[in-house]
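Peer 1: This is the structure I have questions about; it appears just below.
There are 2 protein chains.
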Amino acid sequence: MSDASTIIFDKVCLIGIGLIGSSLAHAMRDRRLARRISIYDIDPAARDVAKELKLGDEICDTVEAAVTDADLTVVCVPAGAVADLAPEIAKYLKAGSILSDVGSVKQAVVRDLGPHVPDMVHFIPGHPIAGTEYSGPRAGFAELFQGRWCILTPLPATDTKAIERLRHLWEGMGSQVELMEPGHHDQVLAITSHLPHLIAYTIVGTATGLEESTQSEVIKFSASGFRDFTRIAASDPIMWRDVFLNNRDAVLEMLGRFTEDLTALQRAIRWGEGEKLQEWFTRTRAVRRSIIDANQA
Amino acid sequence: MSDASTIIFDKVCLIGIGLIGSSLAHAMRDRRLARRISIYDIDPAARDVAKELKLGDEICDTVEAAVTDADLTVVCVPAGAVADLAPEIAKYLKAGSILSDVGSVKQAVVRDLGPHVPDMVHFIPGHPIAGTEYSGPRAGFAELFQGRWCILTPLPATDTKAIERLRHLWEGMGSQVELMEPGHHDQVLAITSHLPHLIAYTIVGTATGLEESTQSEVIKFSASGFRDFTRIAASDPIMWRDVFLNNRDAVLEMLGRFTEDLTALQRAIRWGEGEKLQEWFTRTRAVRRSIIDANQA
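Protein sequences, first through last, are from chains B and Z. Going by our numbering, the first sequence opens with residue 62, and the numbers climb by one from there. Going by our numbering, the second sequence opens with residue 62, and the numbers climb by one from there.
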């Protein structure tokens, strides 16, 4: 029941086959958006899983084989791995093709990948706002992007036709697409994603530092709030290490604001300033309402 | 289809009919654990809702009418409201009856309620580890306690038969019961519940302090981590104000540990210490595994 009219790219190349890469493979195949999918991963074990799960038409042992002749190449590796891969990928990019990525930080990919992109290739960084606490090629599923946002951060001179083509791919996978300037993206994500992850990682670590008797009780009674943090703090350690190292300035800026606010609330608790606490907690309740109204809950 | 054999208490009195009180009413009626339920709430509007929803057999306009002749009285009000209510409730407690509560802080209720309890009444503070971000008499539902823990913190001299009777009630509503010393309870909950709530309240507040243009994007892209925090930060402001004011020492202690850890991670980000970050994030991932193994996820 192949429907040729849905095909947007003839050959799509995925570099890196973790949670996002494998979900892209599933989604593009389910929706018949690519005629052919080639996959490369630096880890032979990941390539073996990709073969076993038949995630692509060709699972390649070299970047060259995967990238050559691709109409769209999507880099799906941790932010810290992009710089090393960039010159190798760039060598094989086809003229007129699109190069994109799925990383959580966009200025860094512009910095690490951008300078290597040949003139005739359309470079359009991207970031699907989707994920789970699982990672690796077995973690992917076709519906991951359904109903989620995908932010594209093309530079001003980028060909609008190429942008529209990539937009259609994401829309075909069920996402809504938003265009944004890379620096602004990194600011917004610093507060909506990077800082929440850092805080969740911190508190779960703090809990593991308590005496052993208390630790088992922390697990037992986690349903009281802590549990939500552990899900976030179970996200891929390497990916998140790279997010913080590559979006350092925006994360430190948001962290500074957060710490100021936390200190103010700490002081209110110490001095028994109930009104201040209640006023703050009432304001935050309204934010939840906005999110429910925006259909993101 | 009344089954007399399930009845544990003849008359149960609920003081306060918010999320927990109304859930108790639903659960006890559904499971036929009480022959008669009386309800008092200081707020006439809440009493009207209780009448409308038929949450109890008698919705009383006075503490006296509600408490008189009750075999079990459960105080379900914010921690800050206990001290004022205590002498009034104490006046009408029946000899041989049980007095309990459902508050998130246990030393404070021992302090505020304990001294007023007549000699012939069994005082057994309690804390069901269950809740939602909704509040008020319409928020309750019978299954809230199903599969959840309930912690009881009786003082050493408490009659064991009375404790067992209260345990059976909670088990009848689907909970598992654990006994704990009040001070230890407050420590454990400070890290598993109170600190997570404080942090969630803080970061959601921090986000509302950003420029307006960024704020709408925070809502839009909340799915990336922030959304989980907004659910927690939508919890009842008055209840949580009172938790922090009444568990001040334990919360400030845990907050101190958290801030030290956060500062260490902040420094690692600033100085690009990737290994330190990765090691920390790998450790926290294991905690999630423990929670899944403990069936609390």
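C-beta atoms are modelled at their ideal positions from N, C-alpha and C, and glycine is treated no differently.
Give the residues of chain Z in contact with R331 (chain B), contact being defined as C-beta atoms less than 9 Å apart.
Peer 2: R309, L313
Peer 1: Starting from the C-beta of E204 (chain B), find all residues in its chain whose C-beta is less than 8 Å away, skip the five residues before and the five after it, and write them out in chain order.
Peer 2: Excluding residues within five positions, the ones whose Cβ falls inside 8 Å are A88, G235.
Peer 1: Measuring only between beta-carbons, confirm whether E194 (chain B) sits less than 8 Å from chain D.
Peer 2: No chain D is part of this structure, whose protein chains are labelled B and Z.
Peer 1: Anything in chain Z within Cβ reach of D289 (chain B), meaning under 9 Å, just list it in chain order.
Peer 2: P257, A261, D289, F290, R292, I293
Peer 1: Taking the Cβ atom as the reference point for each residue, do L94 (chain Z) and I68 (chain Z) lie within a distance shorter than 8 Å?
Peer 2: Against a cut-off of 8 Å, the Cβ pair of I68 (chain Z) and L94 (chain Z) comes out as a contact.
Peer 1: Between F342 (chain B) and chain Z, is the shortest Cβ-Cβ distance under 8 Å, so that the two count as touching?
Peer 2: yes
Peer 1: Would you mind telling me which residues of chain Z sit closer than 8 Å to E278 (chain B), beta carbon to beta carbon, in chain order?
Peer 2: V249, T253
Peer 1: Kindly say whether V238 (chain B), judged by its beta-carbon, lies nearer than 8 Å to any beta-carbon of chain Z.
Peer 2: no
Peer 1: Under three-state DSSP, which class holds E119 (chain Z)?
Peer 2: Strand, per DSSP.
Peer 1: Kindly indicate if chain B contains any beta-carbon less than 8 Å away from that of K72 (chain Z).
Peer 2: no
Peer 1: So with CB distances below 7 Å, who are the chain Z contacts of V265 (chain B)?
Peer 2: T345, V348
Peer 1: Please state whether DSSP places K167 (chain Z) in a helix, a strand or coil.
Peer 2: coil
Peer 1: Taking Q339 (chain B) as the query, report the chain Z residues whose CB atoms sit under 7 Å from its CB, ordered along the chain.
Peer 2: Taking a Cβ-Cβ cut-off of 7 Å, the neighbours of Q339 (chain B) in chain Z comprise P298, I299, R302, given in sequence order.
Peer 1: Within this structure, are the beta carbons of V135 (chain B) and L174 (chain B) separated by less than 8 Å?
Peer 2: no
Peer 1: So, with DSSP's three-state summary, where would you put F184 (chain B)?
Peer 2: The answer is strand: DSSP assigns F184 (chain B) an E or B state.
Peer 1: Between K360 (chain B) and I159 (chain B), what straight-line distance do the alpha-carbon atoms span, to the nearest angstrom?
Peer 2: Outside the modelled stretch of chain B, which goes from 62 to 358, sits residue 360 (chain B), for which no answer is possible.
Peer 1: Taking all protein chains shown into account, do 16 or more other C-beta atoms lie within 10 angstroms of the C-beta of R302 (chain Z), making it buried, or fewer, making it exposed?
Peer 2: buried
Peer 1: Please confirm if Q6 (chain B) has its CB atom under 8 Å from at least one CB of chain Z.
Peer 2: With chain B covering only 62 through 358, there is no way to say anything about residue 6 (chain B).
Peer 1: Once DSSP output is grouped into helix, strand and coil, what is the label at W332 (chain B)?
Peer 2: coil
Peer 1: I'd like to know if A169 (chain B) contacts chain Z, where contact means its C-beta is closer than 8 Å to some C-beta of that chain.
Peer 2: no
Peer 1: Does the structure place the segment 266–284 of chain B close enough to the segment 329–349 of chain Z that three or more beta carbon pairs sit under 8 Å?
Peer 2: yes
Peer 1: Quick check on the burial criterion: 16 or more other C-beta atoms within 10 angstroms. Buried or exposed for Q168 (chain B)?
Peer 2: buried
Peer 1: Let me make sure I understand the geometry here. Which of Z:T221, Z:I330, Z:D118 has the alpha-carbon closest to that of E314 (chain B)?
Peer 2: Z:I330
Peer 1: Does any CB atom of chain Z fall closer than 8 Å to the CB of I190 (chain B)?
Peer 2: yes
Peer 1: Using DSSP with H/G/I as helix, E/B as strand and the rest coil, what is Y101 (chain B)?
Peer 2: strand
Peer 1: Name the two residues that bound the continuous alpha helix (DSSP H) containing V124 (chain Z).
Peer 2: Taken as a continuous stretch (DSSP letters only), the alpha helix (DSSP H) holding V124 (chain Z) covers 124–128.
Peer 1: Let me know if M62 (chain Z) comes out buried or exposed under the rule of 16 or more other beta-carbons within 10 Å of its beta-carbon.
Peer 2: Note that M62 (chain Z) scores 42 on pLDDT, short of 50, meaning its location in the model is unreliable; the coordinates nonetheless yield the value given after this. Result: exposed.
Peer 1: Give the residues of chain B in contact with I352 (chain Z), contact being defined as C-beta atoms less than 8 Å apart.
Peer 2: I280, S283, R288, T291
Peer 1: Got a sec: is the Cβ-Cβ distance from R318 (chain B) to anything in chain Z below 8 Å?
Peer 2: yes
Peer 1: Using the C-alpha atoms, what's the distance from N307 (chain B) back to P217 (chain Z)?
Peer 2: Computed Cα separation, rounded: 55 Å.
Peer 1: Let me know the secondary structure DSSP gives R199 (chain B) once reduced to three states.
Peer 2: coil
Peer 1: Between which residues of its own chain and L259 (chain B) is the CB-CB distance below 8 Å, once the five residues before and five after are set aside?
Peer 2: F305, V312, L316
Peer 1: So the candidates are Z:D289, Z:V171, Z:V279, Z:Q248; which of them puts its Cα closest to the Cα of L271 (chain B)?
Peer 2: That would be Z:Q248, whose Cα lies nearest to the Cα of L271 (chain B).
Peer 1: Could you tell me the distance, in whole angstroms, from the CA atom of I81 (chain B) to the CA atom of G187 (chain B)?
Peer 2: 12 Å
Peer 1: Considering only residues of the same chain and omitting the five flanking positions on each side of E125 (chain Z), which have a CB-CB separation below 6 Å?
Peer 2: Excluding sequence neighbours, E125 (chain Z) sits near Y153.
Peer 1: Could you say which of Z:P198, Z:G333, Z:I103 lies nearest to R309 (chain B) if we only look at CA atoms?
Peer 2: Nearest of Z:P198, Z:G333, Z:I103 to R309 (chain B), Cα basis: Z:G333.
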